[in-house]
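Colleague: Residue numbers (my numbering): 185 to 635.
1) One question on the structure: do residue 576 and residue 585 come within less than 9 Å of each other, judged by their Cβ atoms?
2) Please state the DSSP three-state secondary structure of residue 313.
3) Can you round the beta-carbon distance between residue 614 and residue 462 to whole angstroms, since I take them to be within the 8 Å contact cut?
4) If you reduce the DSSP assignment to three classes, tell me which class residue 378 lands in.
5) Name, in chain order, the residues that DSSP records as bridge partners for residue 268.
6) Touch check for the segment 506–517 and the segment 479–492: three-plus C-beta pairs under 8 Å?
7) With a threshold of 7 Å on Cβ separation, who are the neighbours of residue 384 within its own chain once the five nearest residues in sequence on each side are excluded?
8) Quick check on the DSSP output: what are the complete alpha helix (DSSP H) runs of length 4 or more inside the segment 487–539, in order along the chain?
9) Using a Cβ-Cβ cutoff of less than 7 Å, which residues in the same chain neighbour residue 552 once the five nearest sequence positions on both sides are dropped?
10) Would you report the Cα separation of residue 578 and residue 292, rounded to the nearest angstrom?
11) Classify residue 445 as helix, strand or coil using the three-state DSSP reduction.
12) Within 8 Å: the Cβ of residue 530 and any heavy atom of the ligand HEM?
13) Tell me which same chain residues have a C-beta within less than 6 Å of the C-beta of residue 541, skipping the five on either side of it?
14) Would you call the CB atoms of residue 270 and residue 354 closer than 9 Å?
15) Rounded to a whole number of angstroms, what is the C-alpha to C-alpha distance between residue 317 and residue 408?
16) Tell me residue 459's beta-bridge partners as DSSP assigns them.
17) What does DSSP give as the partner residues of residue 619 in its beta bridges?
18) Give a yes or no on whether 9 Å exceeds the smallest Cβ distance from residue 501 to chain C.
19) Between residue 468 and residue 436, what straight-line distance do the alpha-carbon atoms span, to the nearest angstrom?
20) By the 10 Å Cβ neighbour count, where 16 or more other Cβ atoms means buried, how is residue 253 classified, buried or exposed?
21) Considering only residues of the same chain and omitting the five flanking positions on each side of residue 275, which have a CB-CB separation below 6 Å?
22) In the DSSP assignment, find the unbroken alpha helix (DSSP H) run with residue 433 in it and report its ends.
23) Taking the alpha-carbon of residue 605 as reference, which of 432, 521, 379 has the nearest alpha-carbon?
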């Protein structure tokens with residue numbers, strides 16, 4: 185096979201990470217950088233985080249660069265573009281499925297409303313990814329490949345993607361995940377066919393580790409899911425927190441499928457950390473009550489994208505009030521939320537909806553740029569449509585530029601999307617959110633970082 189531009193530097197590692205935002209220098213109630221490593225009782229940590237940014241989450245609309253009616257396709261394909269989705273409707277990440285699927289469906293609708301790709305409507309086929317406790321992802325992938333998809337959006341879980349990435353890329357099909365964050369994929373031997381619109385956990389880990397230090401925590405305990413996602417994120421959180429002068433005093437692992445977490449909770453609390461990072465999926469539903477039942481204040485708990493969910497029906501009011509957490513991606517803009525709600529009126533959160541929407545748009549634009557719906561041809565153009573051209577942020581505006589012979593630089597709903605040679609975003613936002621009295625969360629701050 186001819187080497188694609190995406191393949192040659194595949195062994196390149198993530199380089200220096202710079203987080204150029206005011207948050208890390210913002211003063212808190214207490215020292216913004218730990219000054220000692222002495223333990224503080226978890227029930228009396230006195231963590232005080234920076235106040236939310238003014239207008240956080242208000243969501244100004246992205247500039248679209250619309251240029252009027254979309255010109256007709258200059259090349260008409262014999263094989264319409266067919267995209268599969270491999271996203272969770274069951275399993276421990278099922279709460280992420282609805283916003284991701286809505287993002288995919290919104291992207292497909294807008295593409296087809298604009299005339300489709302290469303003169304033909306785009307078809308989407310949805311399949312459940314399940315989680316790593318089942319073989320659903322393999323079965324779904326086999327079904328999608330059997331139906332002739334050129335690209336698969338998913339999986340959400342890094343652990344699930346590891347079970348199917350070779351199957352997908354080995355078939356010459358693009359895999360583009362809206363939510364995989366494990367650093368392992370940066371150097372995966374994927375024949376140039378694996379991409380993602382979510383940043384590596386090198387970035388989320390640095391943001392969360394620094395943020396806990398900014399809030400005055402000098403010691404941290406962690407409860408961590410023992411898989412590619414959990415251990416990878418925990419490693420980067422620990423590195424950032426300790427680089428800021430703090431100390432991780434406990435790190436307790438559990439496995440997917442476990443239902444009892446008392447041992448991990450007891451060991452973490454025995455170390456008397458100032459703050460506790462819960463790096464889990466929906467196991468947080470069981471872990472949080474164990475924590476609060478032993479006197480941990482919600483303001484001491486920091487969650488991550490794997491468990492940032494609506495807990496209004498799971499916990500008594502106030503259980504999580506003041507707890508905070510991180511989700512990669514910029515805050516969902518109000519106009520985008522309304523479009524998603526028109527697709528799925530039952531949506532309660534918007535985690536990774538922007539990344540899913542962007543994944544669909546970028547596959548469609550790359551197909552147009554390649555004048556082909558073949559997976560390997562699409563992959564060869566994904567980096568090109570993400571950089572060094574005229575900026576645009578919707579399919580109609582971008583396709584108009586492409587059909588007028590111009591290079592494009594797609595910036596989407598998840599923020600700027602500029603791919604590295606390894607298929608990773610080279611820059612991204614990380615949102616910090618805070619839980620309210622009803623155990624739902626609201627935007628608090630955004631951080632922008634480069635990889």
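Cβ atoms here follow ideal geometry from the backbone N, Cα and C, with glycine treated the same way.
Predicted model only: the values in this text are computed from it and were never measured.
Modeller: According to the structure shown:
1) Along the chain shown, read from residue 1 onward, the residue named residue 576 stands at position 392. Along the chain shown, read from residue 1 onward, the residue named residue 585 stands at position 401. Yes.
2) Here residue 313 is taken as the residue at index 129 of the chain shown, counted from 1. Looking at residue 313 - three-state DSSP - the assignment turns out to be coil, as it is neither helix nor strand.
3) Position 430 of the chain shown holds residue 614. Position 278 of the chain shown holds residue 462. Residue 614 to residue 462, Cβ: 17 Å. No contact.
4) Here the question's residue 378 lines up with position 194 in the chain shown. Looking at residue 378 - three-state DSSP - the assignment turns out to be strand.
5) Counted from its first residue, the chain shown places residue 268 at position 84. Paired residues: 309, 336.
6) The segment 506–517, when compared against the segment 479–492, does touch it at the 8 Å Cβ threshold.
7) Taking the first residue of the chain shown as 1, we reach residue 384 at position 200. Answer for residue 384: 198, 365, 367, 370, 608, 635, listed in chain order.
8) Under the rule that a run must span 4 or more residues, the alpha helix (DSSP H) segments found entirely inside the segment 487–539 read 518–527.
9) To locate residue 552, count along the chain shown from 1; it is residue 368. The beta carbon of residue 552 sits closer than 7 Å to those of 301, 302, 583, 586, all from its chain and outside the five residues before and after it, given in chain order.
10) Against the chain shown, residue 578 aligns to sequence position 394. Against the chain shown, residue 292 aligns to sequence position 108. Rounded to the nearest angstrom, the two C-alpha atoms are 12 Å apart.
11) Locating residue 445 in the chain shown gives position 261, where the first residue counts as 1. Residue 445 falls in the coil class under three-state DSSP.
12) Of the ligands one can find in the structure shown there are none, so the ligand HEM has no counterpart to examine.
13) Taking the chain shown and counting its residues from 1, one reaches residue 541 at position 357. Correct list, in chain order: 287, 290, 291, 597.
14) Here residue 270 refers to the residue found at position 86 when the chain shown is read from its first residue. Here residue 354 refers to the residue found at position 170 when the chain shown is read from its first residue. Not a contact, by the Cβ cut-off of 9 Å.
15) Numbered from its first residue, the chain shown carries residue 317 at position 133. Numbered from its first residue, the chain shown carries residue 408 at position 224. Taking the straight line joining both Cα atoms gives about 17 Å.
16) Taking the chain shown and counting its residues from 1, the one referred to as residue 459 is at position 275. Beta-bridge partners of residue 459 (DSSP): 404.
17) Start at 1 with the first residue of the chain shown, and residue 619 comes out as number 435. Its beta-bridge partners are 625.
18) Included in the structure is just one protein chain, with no chain C present.
19) Residue 468 sits at position 284 when you count from the first residue of the chain shown. Residue 436 sits at position 252 when you count from the first residue of the chain shown. Residue 468 and residue 436: Cα-Cα distance of roughly 14 Å.
20) On the chain shown, residue 253 is found 69 positions in, with the first residue counted as 1. By the 16-neighbour rule on beta-carbons within 10 angstroms, residue 253 is exposed.
21) As a first step, residue 275 is located in the chain shown; it is residue number 91 there, counting from the start. Excluding residues within five positions, the ones whose Cβ falls inside 6 Å are 314, 315.
22) Residue numbering aside, residue 433 sits at position 249 when the chain shown is read from its first letter. Careful: residue 433 lies outside any alpha helix (DSSP H), inside the beta strand (DSSP E) at 431–438.
23) Numbered from 1 along the chain shown, position 421 holds the residue referred to as residue 605. Closest in C-alpha terms to residue 605, from the list 432, 521, 379, comes 379.
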